[in-house]
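Contents: one structure, followed by commentary.
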Amino acid sequence: MVYPTQYRYTKDHEWIEAKGDTATIGITDYAQHELGDVVFVELPKAGAKLEAGKTFSSVESVKAVSEIYAPASGQVVEANMALQNKPETINSDPHGSGWLVKVKLSNPAEVHSLMEAAAYEAYIAEKQKEASA
Amino acid sequence: MESVNSPANSTPRKTPLNALHRRLGAKMVNFGGWDMPVEYPSSGGLVAEHKAVRGGVGLFDVSHMGDIRIHAGRKPGGALEAVQYLTMNDASKLATGQAQYSAMLYPEGTFVDDVIVHRLGGDDYLFVINAGTREKDVNWVKRNAAKFDCVAEDLSDAYTQLAIQGPKGVDVLRKLADANLDGVKNYWFTHGTVCGLENTLIARTGYTGEDGFEIYVPSDVATSEKVWTAVIEAGKEFGIVPCGLGARNTLRLESKMALYEHEISDKINVWEAGLDRYCKMEKGNFIGRAALEKARGAGLQRVLVGLEMVERGIARDGYRCLNESGEAVGVVTSGSPSPTLGKNIALAYVPPALSALGTPVYVEIRSQRCKAQVVATPFYKRLRKASAN
Chain A
592 MVYPTQYRYT KDHEWIEAKG DTATIGITDY AQHELGDVVF VELPKAGAKL
642 EAGKTFSSVE SVKAVSEIYA PASGQVVEAN MALQNKPETI NSDPHGSGWL
692 VKVKLSNPAE VHSLMEAAAY EAYIAEKQKE ASA
Chain B
1328 MESVNSPANS TPRKTPLNAL HRRLGAKMVN FGGWDMPVEY PSSGGLVAEH
1378 KAVRGGVGLF DVSHMGDIRI HAGRKPGGAL EAVQYLTMND ASKLATGQAQ
1428 YSAMLYPEGT FVDDVIVHRL GGDDYLFVIN AGTREKDVNW VKRNAAKFDC
1478 VAEDLSDAYT QLAIQGPKGV DVLRKLADAN LDGVKNYWFT HGTVCGLENT
1528 LIARTGYTGE DGFEIYVPSD VATSEKVWTA VIEAGKEFGI VPCGLGARNT
1578 LRLESKMALY EHEISDKINV WEAGLDRYCK MEKGNFIGRA ALEKARGAGL
1628 QRVLVGLEMV ERGIARDGYR CLNESGEAVG VVTSGSPSPT LGKNIALAYV
1678 PPALSALGTP VYVEIRSQRC KAQVVATPFY KRLRKASAN
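Chains as they are written, first to last, in the numbering used here: chain A, 592 to 724; chain B, 1328 to 1716.
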């Protein structure tokens, strides 16, 4: 899986693509793989406030619940309601049509502190090495 | 992303098949102190594994389960006396080659563990016990069996235990075993040659609610891997897949089979758990009997029920149950989407007043109230062939 270079990434395995003061947020391919078959997604409503580092959504597989943390602060412009009927889109296209929310960023500079694709790939390679040790 | 259900870190124990699971690319988790496969992406993951067992066959490594043999001391009879005192079902009813679901209780009538008791011979019994409670169970059995003329041995590390589960399980095992499998009914066992290993214990038991077998082979890595590989090879034509603990959990939940520290524990008694039919009060004294006699007179404060979610949401272990007015009245012991039914199901303890079928019960899911209703259990029941009755 290629991690898009125009995205930034968190240690909790969310991605964010910022264009000016708007951004799209989702979970990474690594995250969907760790979760397994996604069967349920809980999304915030348009207008909801996101605070960087705080949980704003949850994604559930058969076996577990995962809290999703906001990579940056802002206000929800749109939630991906298509996921309610097809949550498995997160497995098949985590970096594209499996996006969770679009937000208006309150401080676009926050995004710059997150990992770039190369750093994130190194981070998950380290995690995978730990897991197979 | 952080898993709410992620287990505590410690140095987990490994079964003889651990390296093989890792070579297969299984996702591993710490379960009851054991490093176990939770699902195999190469099998298609949890849901595919679950469906393989319901419709065909799946293979599980369940070597983390423990085994305790109790056999006669100087003269026959002492082992049966010990087993009768240690467990709540009536082991005197077992024929050689027969097994029964049972449990060991504390004097309070609550659970030390649930067990499958096998009668190996005249006065010779085998307990198959849970992984997370192994040391506790072994100590409990040894301490309480000491006053009887019998010998209790921990054989847990002697066996690799494989579960071949699903309607096609018998077809797979038939290719590998020199034994009359059709003569082995549900909850009976035999000894036969499997993959050239003589005198292998072959039991028609399992934890999936499906027909299937559990076999017990020597625990060295070479033998364990050889048998695993032979079962997979023999099962290819039937679509066999390796299955992990994730599917094992959803399969047992659909069939309402108890899991220790969930539906049963040292805080829950036999009547609350609804396991009355495995508890034989008339058989004579056993640990926990007096407390159960008293509890029966006092009436129940809570009972185990099946729930089906009516509103969107998945009830999970430990979530609170609320009544119509929003008061906390119970707790979910196990909850998950059901791959067979396509619904979100759960087992929960609620007051008897809320236990009637169709009663609305609310589950608190991340501080939101989600409607559920009491439904009949087991959630799934297989159609039994006459031969498997």
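Heads up, the beta-carbon is just placed ideally off N, CA and C, and yes, glycines get one too.
Same chain, Cβ closer than 7 Å to residue i, neighbours up to 5 away in sequence not counted
i         : result
GLU1408/B : PHE1475
SER1483/B : GLY1393, ASP1394 and ARG1461
HIS1347/B : Looking at the sequence shown, residue 1347/B is not His but Leu. GLU1552 and TRP1555, listed in sequence order.
GLN1649/B : One detail in the question is off: residue 1649/B reads as Leu in this sequence, not Gln. Closer than 7 Å at the Cβ level, and outside the excluded window around LEU1649/B, lie ALA1655, VAL1656, TYR1689, GLU1691 and ARG1696.
ALA1622/B : GLY1436, ASN1596 and TRP1598
GLN623/A  : VAL629, ILE681, ASN682 and PRO685
LYS1502/B : ALA1561
VAL1380/B : GLN1492, GLY1493, THR1535, GLU1537, CYS1570, ALA1574 and LEU1578
Selected residue, minimal CA-CA separation from residue i, among the options
i         : options                                       : result
LEU1631/B : PHE1613/B, GLY1669/B, MET1584/B and TYR1534/B : MET1584/B
SER550/A  : ALA1703/B, ARG1643/B and ARG1693/B            : Within the shown structure, residues of chain A are numbered from 592 to 724, placing residue 550/A beyond reach of any answer.
GLU1590/B : THR1338/B, GLY1360/B and ALA1430/B            : ALA1430/B
TYR1433/B : HIS1518/B, GLU1560/B and ARG1470/B            : ARG1470/B
ARG1350/B : TRP1361/B, PRO1368/B and ARG1340/B            : PRO1368/B
VAL1568/B : ALA1530/B, ASP1547/B, VAL1637/B and GLY1493/B : GLY1493/B
TRP690/A  : THR596/A, LYS640/A and VAL650/A               : VAL650/A
LEU1710/B : LEU1619/B, GLU1620/B, ASP1538/B and LYS1594/B : ASP1538/B
HIS1518/B : HIS1445/B, ALA1458/B and ALA1622/B            : HIS1445/B
ALA722/A  : ASN1576/B, GLU1599/B, GLY1496/B and MET1355/B : MET1355/B
THR1487/B : VAL1455/B, VAL1465/B, ASN1466/B and ALA1506/B : VAL1455/B
VAL1410/B : LEU1447/B, SER1370/B, VAL1384/B and GLY1562/B : LEU1447/B
SER657/A  : GLU642/A, THR680/A and ASP603/A               : ASP603/A
ASP1388/B : TYR1412/B, ALA1506/B and VAL1365/B            : VAL1365/B
LYS695/A  : ALA661/A, ALA709/A and SER704/A               : ALA661/A
VAL1658/B : ARG1639/B, ARG1629/B and ASN1671/B            : ARG1629/B
LYS1512/B : ALA1422/B, ALA1675/B, ASN1671/B and ILE1559/B : ALA1422/B
LEU1572/B : LYS636/A, ILE618/A, ALA655/A and ALA709/A     : ALA655/A
ALA1699/B : ARG1647/B, LYS1708/B, PRO1705/B and THR1667/B : ARG1647/B
LYS1495/B : ALA1473/B, PHE1540/B, TRP1467/B and ALA1479/B : PHE1540/B
Local conformation of residue i per DSSP, three classes
i         : result
TYR1428/B : strand
GLU651/A  : strand
LYS1698/B : strand
LEU1347/B : helix
GLY1405/B : helix
GLN675/A  : helix
ILE1456/B : strand
VAL1511/B : coil
SER1714/B : With a pLDDT of 47 at SER1714/B, under the threshold of 50, the modelled position of that residue is not reliable, and no figure is offered here.
THR1487/B : strand
PHE1565/B : helix
TYR1605/B : helix
ASN1332/B : Reliability fails at ASN1332/B, whose pLDDT of 42 lies under 50, so the model's placement of it is uncertain and the value that follows must be treated cautiously. Note: ASN1332/B maps to coil in three-state DSSP.
ASP1476/B : coil
ASN1596/B : strand
ILE607/A  : strand
TRP690/A  : coil
ILE1641/B : coil
PRO1368/B : helix
LYS718/A  : helix
ALA623/A  : Note on residue identity: the sequence assigns Gln, not Ala, to residue 623/A. Residue state, collapsed to three classes: helix.
LYS1498/B : Reading the sequence as shown, one finds Asp at residue 1498/B and not Lys. Of the three classes helix, strand and coil, the one that applies to ASP1498/B here is helix, per DSSP.
ASN1526/B : strand
Contacts around residue i, its chain only, beta-carbon distance under 8 Å, and the 5 residues preceding and following it disregarded
i         : result
GLN675/A  : VAL632 and LEU634
TRP1515/B : GLY1424, GLN1425, ALA1426, ALA1530 and ARG1531
ASP620/A  : MET592, TYR594, PRO685 and HIS686
ALA1485/B : ASP1394, PRO1545 and SER1546
PRO1334/B : With a pLDDT of 47 at PRO1334/B, under the threshold of 50, the modelled position of this residue cannot be trusted, and the question is left open.
TYR1587/B : PHE1438, ASP1440, ASP1441, ASN1457, GLY1459 and THR1460
ALA1600/B : PHE1438, ALA1585, GLU1590, ILE1591 and LEU1631
ARG1340/B : GLY1360, TRP1361, ASP1362 and HIS1391
Anticipated Cβ contact below 8 Å, residue i with residue j, distance rounded
i         : j         : result
SER1663/B : ILE1641/B : 7 Å
LEU1489/B : LEU1602/B : Contact flag wrong, Cβ pair sits at about 27 Å.
THR1535/B : SER1592/B : About 22 Å; that fails the 8 Å criterion.
ASP1464/B : ALA1406/B : So it is not a contact: roughly 17 Å between Cβ atoms.
ARG599/A  : GLU712/A  : The Cβ separation is near 13 Å, so there is no contact.
Own chain residues within Cβ distance below 6 Å of residue i, not counting five before or after
i         : result
ALA1574/B : LEU1373, GLU1376 and HIS1377
VAL692/A  : ILE616, VAL667 and ALA670
GLY1566/B : GLY1383
Under 8 Å from the C-beta of residue i: neighbouring residues of chain C
i        : result
SER648/A : Among the protein chains of the structure shown, namely A and B, there is no chain C.
Quick check: the stretch 1672-1689 of chain B against the stretch 1390-1406 of chain B, are there 3 or more CB pairs under 8 Å? Contact fails: fewer than three Cβ-Cβ distances are below 8 Å.
Specify whether the stretch 689-705 of chain A and the stretch 604-611 of chain A touch according to this definition: at least 3 beta carbon pairs, one from each stretch, less than 8 Å apart. yes
Does the stretch 1609-1629 of chain B come within contact of the stretch 1435-1443 of chain B, defined as at least 3 CB pairs closer than 8 Å? yes
When you compare the stretch 1519-1530 of chain B with the stretch 1539-1547 of chain B, are there three or more beta-carbon pairs, one atom per stretch, that lie closer than 8 Å? yes
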